[in-house]
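These protein sequence lines map, in sequence, to chains A and B.
Just so you know, my numbering puts 250 at position 248 of the first sequence, and the rest follows in order with no gaps.
Just so you know, my numbering puts 212 at position 58 of the second sequence, and the rest follows in order with no gaps.
Here the structure comes first, spelled out in structure tokens, and everything after it is commentary.
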Amino acid sequence: MLSVRDLGVAFGAVEPLSGVSFSVEKGETIGIVGESGSGKSLTAMSVMGLLPLIGGRITGGKIVFDGQDLTDLPERAYRKLRGGRIGLITQNPMTSLDPLKKIGPQVDDVARLHLGMDATQARARTVEILGTLRIPEPALICERYPHQMSGGMKQRIVIAMALAADPDVLIADEPTTALDVTVQAQIIRLLDDLVKQRNLALVLITHDMSVVAQTCDNVVVMYAGRAVEYGPVETIFDRPRHPYTQALIACIPRGLEETARLTGIEGTVPTVINYPKGCPFHPRCARAEAICATDPPDFSVEGDSAAACHFAEVAHAQPA
Amino acid sequence: MKASSMTARTLDTFARMSIGRAFASGIGMVAGGFLILLVLVAIFAPWIAPFDYAAQNLMNANAPPGWPHLLGTDEFGRDVLSRVIFGARTSLSVSATAIAISMAAGMTLGAAAGYFGGFFERAVMTVVDLTWSFPDILIALIFVAIIGPGLTSTTFAIAIAYLAQFTRLTRAQIVRLKRETFIEATVNLGANPSHILLRHLMPNAIAPVIVVGMLAIGDGIVLEATLGFFGLGAQPPTPSWGAMMSSGTAQLFLSPWVIIFPGVAVAVTVIAVNLFGDELIRALDIRDRLRGA
Numbered sequence: 003m004l005s006v007r008d009l010g011v012a013f014g015a016v017e018p019l020s021g022v023s024f025s026v027e028k029g030e031t032i033g034i035v036g037e038s039g040s041g042k043s044l045t046a047m048s049v050m051g052l053l054p055l056i057g058g059r060i061t062g063g064k065i066v067f068d069g070q071d072l073t074d075l076p077e078r079a080y081r082k083l084r085g086g087r088i089g090l091i092t093q094n095p096m097t098s099l100d101p102l103k104k105i106g107p108q109v110d111d112v113a114r115l116h117l118g119m120d121a122t123q124a125r126a127r128t129v130e131i132l133g134t135l136r137i138p139e140p141a142l143i144c145e146r147y148p149h150q151m152s153g154g155m156k157q158r159i160v161i162a163m164a165l166a167a168d169p170d171v172l173i174a175d176e177p178t179t180a181l182d183v184t185v186q187a188q189i190i191r192l193l194d195d196l197v198k199q200r201n202l203a204l205v206l207i208t209h210d211m212s213v214v215a216q217t218c219d220n221v222v223v224m225y226a227g228r229a230v231e232y233g234p235v236e237t238i239f240d241r242p243r244h245p246y247t248q249a250l251i252a253c254i255p256r257g258l259e260e261t262a263r264l265t266g267i268e269g270t271v272p273t274v275i276n277y278p279k280g281c282p283f284h285p286r287c288a289r290a291e292a293i294c295a296t297d298p299p300d301f302s303v304e305g306d307s308a309a310a311c312h313f314a315e316v317a318h319a320q321p322a
Numbered sequence: 155m156k157a158s159s160m161t162a163r164t165l166d167t168f169a170r171m172s173i174g175r176a177f178a179s180g181i182g183m184v185a186g187g188f189l190i191l192l193v194l195v196a197i198f199a200p201w202i203a204p205f206d207y208a209a210q211n212l213m214n215a216n217a218p219p220g221w222p223h224l225l226g227t228d229e230f231g232r233d234v235l236s237r238v239i240f241g242a243r244t245s246l247s248v249s250a251t252a253i254a255i256s257m258a259a260g261m262t263l264g265a266a267a268g269y270f271g272g273f274f275e276r277a278v279m280t281v282v283d284l285t286w287s288f289p290d291i292l293i294a295l296i297f298v299a300i301i302g303p304g305l306t307s308t309t310f311a312i313a314i315a316y317l318a319q320f321t322r323l324t325r326a327q328i329v330r331l332k333r334e335t336f337i338e339a340t341v342n343l344g345a346n347p348s349h350i351l352l353r354h355l356m357p358n359a360i361a362p363v364i365v366v367g368m369l370a371i372g373d374g375i376v377l378e379a380t381l382g383f384f385g386l387g388a389q390p391p392t393p394s395w396g397a398m399m400s401s402g403t404a405q406l407f408l409s410p411w412v413i414i415f416p417g418v419a420v421a422v423t424v425i426a427v428n429l430f431g432d433e434l435i436r437a438l439d440i441r442d443r444l445r446g447a
């Protein structure tokens with residue numbers, strides 16, 4: 003349904019994104035994981051055609067949606083896709099709704115815009131969608147203003163808006179970051195159900211490996227604007243071959259015994275202007291050797307997964 | 155139809171939530187009450203005024219306040235009270251019309267400049283800033299000098315004098331709002347620029363513009379009186395507070411009531427407008443958003 007091939011993005015002279023590839027079919031969920039600053043949101047914005055609006059441009063690769071290359075689609079045509087066939091849920095539901103408009107009209111607008119419905123039809127559809135998102139008393143909610151609602155509820159409204167025009171692809175960019183843990187779980191379960199019920203293709207962007215493990219079919223691990231490992235979720239979790247993936251998995255809190263300690267990854271993602279030479283992860287990598295600082299690694303393919311590491315062939319010792 | 159019902163709803167909400175709250179305080183009630191009274195007086199002037207504002211009676215010129223001329227008469231024996239009442243019509247209508255024109259034009263220019271940016275924005279803002287570098291009265295005088303004195307030119311002169319304020323304020327609001335997440339979210343839903351601008355940006359930008367407009371009506375009244383004082387506004391016998399004061403200067407010591415009462419009318423009206431405007435700012439809680447102006 004949606005496939006991104008070797009995508010590169012530049013802002014002026016800096017190139018924060020290069021060589022990102024993934025694809026997702028209907029009824030499937032793909033997870034894009036990585037720390038903050040690894041280029042996940044930028045990937046989402048590229049797919050949505052929002053780069054020109056923020057001063058960026060695509061330098062290479064292809065974004066193919068339903069057989070159509072989107073990389074040089076004009077803005078006017080893109081507007082029909084945005085919200086129409088590709089829905090986007092952003093990180094911050096608290097501020098994603100117009101504070102002066104009631105919930106109903108805001109959701110109605112999407113169906114009116116993309117499906118050409120009149121006010122009555124659109125409202126009927128809004129109520130129906132709010133219902134499927136397990137929002138109690140949808141007709142009443144339509145008359146509320148955003149400030150009268152909780153964060154979890156607002157996020158559901160934002161999801162409702164993304165679904166209102168019945169899109170084929172839904173991109174969820176850290177949909178749960180701003181929510182508390184119990185609500186997070188509800189939202190993730192909701193998205194998972196939607197994929198099955200509506201046969202959606204879901205691109206789930208997150209930094210939470212445990213969310214990926216629960217919901218995704220395939221995973222792309224991103225680091226410093228590059229994909230470093232990809233493959234089916236079982237393979238990636240059972241046998242991660244890139245040290246970064248291993249480190250991310252090691253960060254998932256597990257075990258209830260009192261001795262259990264939370265692990266982290268030392269250091270931070272480099273900023274765009276000082277991406278290191280060679281393998282971008284080498285300064286933080288426990289396994290790094292001389293070659294890692296000089297030569298960027300190629301993908302080493304094994305079955306249906308691949309990892310960009312010079313030592314991917316070697317069975318890495320699982321970090322404890 | 156969509157847009158008008160939308161505007162009606164926005165205004166309705168605005169009225170219930172903010173203007174109502176502005177009236178709630180003591181000062182707001184007194185100032186707002188006075189303004190409503192003044193508007194009613196202006197509308198019903200022909201029924202309220204005890205005499206014809208233009209009727210001369212040279213036998214009774216410069217009569218001091220008393221009965222039947224409560225505020226006395228001027229040098230032609232015209233009733234000062236009636237002229238002050240009819241003068242409210244001139245002052246309020248000229249100022250309100252001018253500010254309405256100025257607001258409409260300023261909001262359009264400012265919104266377009268803030269939203270589209272680029273060369274258009276720079277061109278508009280340069281011209282607008284240029285007009286702002288002159289005092290209001292000078293711009294108004296230049297304008298009246300070009301197209302000649304009268305109420306129409308006074309109206310347009312005031313409108314142009316305040317255009318910069320509305321343009322700058324609206325632009326500042328739009329530029330700020332444009333970066334808000336909910337506007338980005340609307341872009342993500344595939345909305346076109348006119349939808350974003352008219353349905354989302356403008357309703358969110360309008361509150362401070364309305365308050366500044368309210369306060370500008372006070373300034374407009376002063377400017378109208380000033381132009382009237384110089385003989386560039388309302389032409390005789392149309393009564394205007396400024397023109398009345400101007401003619402009163404000649405008999406300042408002989409019959410001070412001719413200049414005092416229109417002066418008091420201007421002062422009290424402008425004070426009421428400003429006090430009510432301040433209450434409105436408090437009610438809308440937008441003090442920090444007015445800094446862009």
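Note that beta-carbon positions come from the ideal geometry of N, C-alpha and C, so glycine has one too.
**OP:** Scan the region 315-336 of chain B for residues whose Cβ lies nearer than 8 angstroms to a Cβ of chain A and list them as they occur along the chain.
**Re:** Of all residues in the region 315-336 of chain B, only Glu334, Thr335, Phe336 place a beta-carbon less than 8 angstroms from a beta-carbon of chain A.
Subject >> First and last residue of the uninterrupted alpha helix (DSSP H) at arginine 330/B >> reply: Start and end: 305-332.
Original post:
What's the gap between the Cα of glycine 21/A and the Cα of threonine 61/A?
Top reply: Each residue's alpha carbon lies about 10 angstroms from the other.
Original post:
tyrosine 207/B lies in the beta strand (DSSP E); which residues open and close that run?
Top reply: Where tyrosine 207/B is concerned, there is no enclosing beta strand (DSSP E), given that its DSSP letter is neither H nor E.
Subject >> Whole-Å CB distance - isoleucine 88/A paired with valine 171/A, under 8 angstroms assumed >> reply: About 5 angstroms; that satisfies the 8 angstroms criterion.
Original post:
Along chain A, in chain order, which residues have C-beta atoms closer than 7 angstroms to that of proline 357/B?
Top reply: Simply Leu102.
Subject >> Min CB distance methionine 155/B to chain A below 7 angstroms >> reply: Bear in mind that a pLDDT of 43 at methionine 155/B, under 50, signals an unreliable position, so the model cannot answer this.
**OP:** Ignore the nearest five residues each way along the sequence and tell me which others in glutamine 93/A's own chain have a CB closer than 7 angstroms to its CB.
**Re:** Counting only Cβ-Cβ distances below 7 angstroms, and skipping sequence neighbours, we find Asp175, Glu176, Thr179, Ala180.
Original post:
If you scan the region 91-176 of chain A from start to end, which runs of the alpha helix (DSSP H) of 4 or more residues do you find wholly inside it?
Top reply: Qualifying alpha helix (DSSP H) stretches, in chain order: 105-117, 121-134, 140-143, 153-165.
Original post:
Curious, which full-length alpha helix (DSSP H) runs of at least 4 residues does the region 328-391 of chain B contain?
Top reply: Look at the region 328-391 of chain B and you find these whole runs of alpha helix (DSSP H), each 4 residues long or longer: 335-342, 356-383.
**OP:** Could you tell me if glutamine 248/A is buried or exposed, where buried requires 16 or more neighbouring beta carbons within 10 angstroms of its beta carbon?
**Re:** In summary, glutamine 248/A is buried, with 16 or more beta-carbon neighbours lying within 10 Å of its beta-carbon over all protein chains present.
Original post:
Expressed to the nearest angstrom, what Euclidean distance is found between the alpha-carbon atoms of arginine 7/A and glutamate 30/A?
Top reply: Near 18 angstroms, if we compare the C-alpha coordinates of glutamate 30/A and arginine 7/A.
**OP:** Note down, in chain order, all residues in the region 253-277 of chain B with a beta-carbon under 8 angstroms from any beta-carbon belonging to chain A.
**Re:** Result list empty, no residue passes.
Subject >> Residues of the region 347-373 of chain B with Cβ closer than 8 angstroms to any Cβ of chain A, in chain order >> reply: Per Cβ criterion, the list reads His349, Arg353, His354, Pro357, Asn358.
Subject >> Touching by the beta-carbon criterion (3+ pairs, under 8 angstroms), the region 235-251 of chain B and the region 188-204 of chain B >> reply: With a cut-off of 8 angstroms, the region 188-204 of chain B and the region 235-251 of chain B count as touching, because enough Cβ pairs lie within range.
**OP:** Could you name the residues that DSSP lists as bridge partners for glycine 396/B?
**Re:** Beta-bridge annotation (DSSP): glycine 396/B is not paired with any residue.
**OP:** Quick one: list the residues of chain B neighbouring methionine 163/A, beta-carbon separation under 8 angstroms, in chain order.
**Re:** Simply Ala339, Leu343.
Original post:
How about proline 148/A and proline 95/A: do their beta carbons lie closer than 7 angstroms?
Top reply: The Cβ-Cβ distance between proline 148/A and proline 95/A does not fall below 7 angstroms.
**OP:** Can you tell me which of the three DSSP states methionine 50/A falls into?
**Re:** When DSSP states are grouped into helix, strand and coil, methionine 50/A belongs to the coil group.
Original post:
DSSP puts valine 222/A in a beta bridge; with which residues?
Top reply: Within the DSSP bridge table, the entry for valine 222/A names Ile34/A, Tyr232/A as partners.
Subject >> Neighbour list for methionine 50/A in chain B, Cβ cutoff strictly below 8 angstroms >> reply: The answer, in chain order, is Asn342.
**OP:** Determine, using beta carbons only, whether arginine 81/A comes closer than 7 angstroms to chain B.
**Re:** At least one chain B Cβ lies under 7 angstroms of arginine 81/A.
**OP:** Throw me the rounded Cβ distance for the asparagine 276/A and isoleucine 32/A pair, which I believe falls under 8 angstroms.
**Re:** With a contact defined as Cβ atoms closer than 8 angstroms, asparagine 276/A and isoleucine 32/A miss out at about 29 angstroms.
**OP:** Determine whether the Cβ of arginine 441/B lies closer than 7 angstroms to any Cβ atom of chain A.
**Re:** Arginine 441/B does not count as touching chain A.
Subject >> Option in Asn216/B, Leu189/B, Ala250/B with minimal Cα separation from threonine 309/B >> reply: Nearest of Asn216/B, Leu189/B, Ala250/B to threonine 309/B, Cα basis: Ala250/B.
**OP:** Pick helix, strand or coil for leucine 19/A, following the three-state DSSP scheme.
**Re:** Reduced to three states, the DSSP call for leucine 19/A is strand.
Original post:
Does valine 221/A have its Cβ less than 7 angstroms from a Cβ in chain B?
Top reply: Valine 221/A has a beta carbon lying at 7 angstroms or more from every beta carbon in chain B.
**OP:** Check the DSSP bridge columns for isoleucine 60/A and list the partner residues they point to.
**Re:** DSSP, once it has assigned bridges, lists Val11/A as partnering isoleucine 60/A.
**OP:** Inspect the beta-carbon positions of alanine 208/B and proline 410/B and report whether they are closer than 7 angstroms.
**Re:** Cβ distance not < 7 angstroms, so alanine 208/B and proline 410/B don't count as in contact.
Original post:
Alpha carbon to alpha carbon, how far is aspartate 432/B from aspartate 439/B?
Top reply: Those two C-alpha atoms are separated by around 10 angstroms.
Subject >> Closer than 7 angstroms to chain B by CB, leucine 90/A >> reply: Interface residue, yes.
Subject >> Contact list for arginine 84/A against chain B, beta-carbon separation under 9 angstroms >> reply: Val341, Asn342, Leu343, Gly344, Ala345, listed in chain order.
Original post:
Rounded to whole angstroms, how far is the Cβ of methionine 224/A from the Cβ of isoleucine 34/A, which I believe are closer than 8 angstroms?
Top reply: About 6 angstroms separates the beta carbons of methionine 224/A and isoleucine 34/A, which is inside the 8 angstroms limit, making them a contact pair.
Subject >> CB of alanine 309/A within 7 angstroms of CB of histidine 209/A, strictly >> reply: When the beta-carbon positions are compared, alanine 309/A and histidine 209/A stay at least 7 angstroms from each other.
Original post:
Does serine 5/A have its Cβ less than 7 angstroms from a Cβ in chain B?
Top reply: Using a CB distance cut-off of 7 angstroms, serine 5/A does not count as an interface residue toward chain B.
**OP:** May I have the straight-line CA-CA distance separating serine 5/A from isoleucine 255/B, to the nearest angstrom?
**Re:** Taking the straight line joining both Cα atoms gives about 53 angstroms.
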